[in-house]
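K.L.:
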Amino acid sequence: MQKIPDFAPAGGDAIPIYVLPRADLYRVNELAGETAANWVKSTGFTCEAGQVINLPDASGAVVAVLVGDPRDGKQPVPRFVLASVMQRLAPGNYRLVGDFSIDEKNEAALASLLAQYRFDHYQQSDNSRAQLELPTDCDRNRLLAIAAGEFTARDLINQPASRLDPFRLVDHIESLAKTYDAKLDVIEEERLKSEFPLIHAVGAAGAHSCLVDLRWGHGPLVTVIGKGVCFDTGGLNIKPDRAMRFMKKDMGGAATGIGLAETIMRLDLPIRLRLLIPAVENAIAGNAMRPGDILTARSGCHVEITNTDAEGRLVLADAIDYAQEEESQLLVTLATLTGAARVALGTDIVPFYTDCDELASRLLQSSQRVRDPLWRMPLWDGYESMLNSKIADCVNAAESGFAGSMTAALFLRKFLHRPVRWAHFDVYCWQNQPRPGRPVGGIGQAWRALLDALPETLNL
371 MQKIPDFAPA GGDAIPIYVL PRADLYRVNE LAGETAANWV KSTGFTCEAG QVINLPDASG
431 AVVAVLVGDP RDGKQPVPRF VLASVMQRLA PGNYRLVGDF SIDEKNEAAL ASLLAQYRFD
491 HYQQSDNSRA QLELPTDCDR NRLLAIAAGE FTARDLINQP ASRLDPFRLV DHIESLAKTY
551 DAKLDVIEEE RLKSEFPLIH AVGAAGAHSC LVDLRWGHGP LVTVIGKGVC FDTGGLNIKP
611 DRAMRFMKKD MGGAATGIGL AETIMRLDLP IRLRLLIPAV ENAIAGNAMR PGDILTARSG
671 CHVEITNTDA EGRLVLADAI DYAQEEESQL LVTLATLTGA ARVALGTDIV PFYTDCDELA
731 SRLLQSSQRV RDPLWRMPLW DGYESMLNSK IADCVNAAES GFAGSMTAAL FLRKFLHRPV
791 RWAHFDVYCW QNQPRPGRPV GGIGQAWRAL LDALPETLNL
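Numbering (the working numbering), first residue to last: 371 to 830.
#1: On the criterion of 16 or more Cβ atoms from any shown chain inside 10 Å, does residue 472 qualify as buried, or is it exposed?
#2: According to DSSP, is residue 787 part of a helix, a strand, or is it coil?
#3: So, helix, strand or coil for residue 601, using DSSP?
#4: If you count every other CB in all the chains shown that lies within 10 Å of the CB of residue 769, and 16 or more means buried, which is it?
#5: Report the residue from 538, 747, 749 and 633 whose alpha carbon sits nearest the alpha carbon of residue 650.
#6: Between the region 513-530 and the region 810-817, do three or more beta carbon pairs fall short of 8 Å?
#7: Report back the beta-carbon spacing between residue 723 and residue 793 to the nearest angstrom; my notes put them in contact at under 8 Å.
#8: From which residue to which residue does the beta strand (DSSP E) around residue 763 run?
#9: DSSP puts residue 584 in a beta bridge; with which residues?
#10: Could you tell me if residue 572 is buried or exposed, where buried requires 16 or more neighbouring beta carbons within 10 angstroms of its beta carbon?
#11: In whole angstroms, give me the CA-to-CA distance for residue 891 and residue 380.
#12: So, with DSSP's three-state summary, where would you put residue 781?
#13: Report the rounded CA-to-CA distance for residue 710 versus residue 423, giving the unit in angstroms.
#14: To the nearest angstrom, how far is it from the Cα of residue 784 to the Cα of residue 774?
#15: So, under 8 Å CB-CB, residue 594 and residue 630 are touching, yes? Tell me the CB distance rounded to an integer number of Å.
#16: Can you give the beta carbon distance from residue 484 to residue 453, rounded, assuming they're within the 8 Å contact cut?
#17: Can you give me the C-alpha to C-alpha distance between residue 457 and residue 806, rounded to a whole angstrom?
#18: With a threshold of 8 Å, are at least 3 pairs of Cβ atoms found where one atom belongs to the region 568-584 and the other to the region 505-519?
#19: Given a cut-off of 7 Å, decide if residue 826 and residue 732 are closer than it, judged by their beta-carbon atoms.
#20: Would you tell me roughly how many angstroms separate the C-alpha atoms of residue 608 and residue 546, rounded to the nearest one?
#21: Assuming residue 613 is part of the alpha helix (DSSP H), what are its boundary residues?
#22: CB-CB under 7 Å to residue 721, same chain, minus the five flanking residues each way: which ones, in chain order?
#23: Leaving out five residues on either side along the sequence, give the residues of the same chain with a beta carbon under 7 Å from the beta carbon of residue 531.
#24: Between which two residues does the beta strand (DSSP E) holding residue 723 run?
#25: Could you tell me the distance, in whole angstroms, from the CA atom of residue 652 to the CA atom of residue 696?
#26: So what's residue 544 in DSSP terms, helix, strand or just coil?
#27: Measure the alpha-carbon distance for residue 488 versus residue 803 and round it to whole angstroms.
#28: Just curious, the alpha helix (DSSP H) that residue 793 is in, first and last residue?
#29: List the whole-angstrom C-beta distance separating residue 822 from residue 759, where the pair is believed to meet the contact cut-off of C-beta under 8 Å.
#30: Applying the criterion that 16 or more other CB atoms from any shown protein chain within 10 Å of the CB defines a buried residue, is residue 772 buried or exposed?
#31: Determine the closest residue to residue 700 out of 791, 465, 643 and 562, with distance taken between C-alpha atoms.
#32: If we ignore side chains and look at the alpha-carbon of each, how far apart do residue 432 and residue 500 end up?
#33: Can you check whether the CB of residue 463 is closer than 7 Å to the CB of residue 378?
#34: For the alpha helix (DSSP H) that contains residue 570, what are its first and last residues?
#35: On a Cα-Cα basis, can you pick out the residue from 441, 383 and 477 that is closest to residue 741?
#36: Quick one, are the C-beta atoms of residue 384 and residue 474 less than 7 Å apart?
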């Protein structure tokens, strides 16, 4: 894993970044000198929102950076505009100058960290980056903890399956447990086969399968379950080549949960955290599960397999049942579960499901506050019949194809056998096009909103 980014050292010769509205363009002379002002005029720079220009002195050295103010008088400075600025700057140290609220300064500081991310493990590249001095009054520890969690999630998702199989995913969690003095139990082999039959069945054709159980801290119990399918061929219902191309990301739910756990532990939040990661590969071999098979879940529920590519909900089902041996104040499932979620909301917005209106309200408020887009979807009871089977208790996937994300969530709900505040997030965890602070590849989703919602949700 790559080194977590940091802020530029304070008190150095950091280059100022001035964020100015177009009407204040005349102030360049006052801020950076006559040479810089003449340079702005000669280039035709108009200080439109988000425009960036380096301001030179008489020798040609950059003495300041000018950014067109993206605010319209109502909205704060968008985080990713500032990430875009940082990505366009030459390596070096910079400081933000201007009239900003504390929230805007924190956003700028986080943007500067996220803009430093590169997945260049397998390339010869220059590791130098543009770094921002921490603005005054910002929460350094929290910002670095969030960046650390996000970098971990991105790195895990970006690693090819040949470099991040279930064995290596367990290795990473073990390292995390040692760092933060967490307890760890890895359930595998005969115990997995006898106690967690759905997890075992999904991973039977793969090299290794296990359930990782990490426990840390004190306080109200929060249980996070992340889908850890390190590669998904679709099983015998094999995916077409385009759909399989990026299935190294099918452990995005696990990566997101691990990133959230790292941030929680780094911040030493007053909660008791339990992280459950069923780690498998959905591979193809003679012992792979087949369409038409009937599997008996850990809960005793008999599941008819209609589609071997609907495997994520199976491994989550056994983990959900196991999690309820303890009473959680919050139970969360994170999974790259359905393509239907992307058809409904695209790649940026994460649909989530919960029966608790209060929890939903807090998650949506946090989503807006930290700019981690979520959208609540209904758990429509009328669609439960789509999961009926003629020969078993239920099927693993509705054969009609309608309401695919919703029926997947309804399937998971079948395994909740005690009252609990539960939220399920159908994440995508991939950036298809490069955007400021978010290069093409793995990306964490939903977890920053979850982190922000924890204090109110748990009355911390």
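For glycine and all other residues, C-beta sits at the position ideal for the given N, C-alpha and C. Values in this document were obtained by computation on a predicted structure and should not be read as measured data.
P.N.:
Judging by the given coordinates:
#1: exposed
#2: coil
#3: Correct three-state label for residue 601: strand.
#4: Answer is exposed; the Cβ neighbour count stays below 16.
#5: 538
#6: Judged by Cβ distances under 8 Å, the region 513-530 makes contact with the region 810-817, as three or more pairs qualify.
#7: 7 Å
#8: Premise fails: residue 763 is in no beta strand (DSSP E) and is neither H nor E.
#9: 554 and 645
#10: buried
#11: The shown model of the chain, from 371 to 830, leaves out residue 891, and the question about it has no answer.
#12: helix
#13: Here the alpha carbons of residue 423 and residue 710 stand approximately 43 Å from one another.
#14: 16 Å
#15: 6 Å
#16: 6 Å
#17: 7 Å
#18: no
#19: yes
#20: Those two C-alpha atoms are separated by around 34 Å.
#21: 611-614
#22: 711, 714, 715, 745, 747, 775 and 796
#23: 600, 601 and 618.
#24: 720-723
#25: Per the coordinates, the alpha-carbon of residue 652 lies some 29 Å from the alpha-carbon of residue 696.
#26: In the structure shown, the three-state DSSP call for residue 544 is helix.
#27: Going from the Cα of residue 488 to the Cα of residue 803 covers about 14 Å.
#28: Where residue 793 is concerned, there is no enclosing alpha helix (DSSP H), although the beta strand (DSSP E) it sits in stretches over 792-796.
#29: Taking C-beta atoms under 8 Å as the contact rule, residue 822 and residue 759 fail to qualify, at a distance of about 40 Å.
#30: Label assigned to residue 772: exposed.
#31: Restricting attention to 791, 465, 643 and 562, the CA atom closest to the CA of residue 700 is found in 791.
#32: 14 Å
#33: yes
#34: Residue 570 -> alpha helix (DSSP H) spans 567-573.
#35: 477
#36: no
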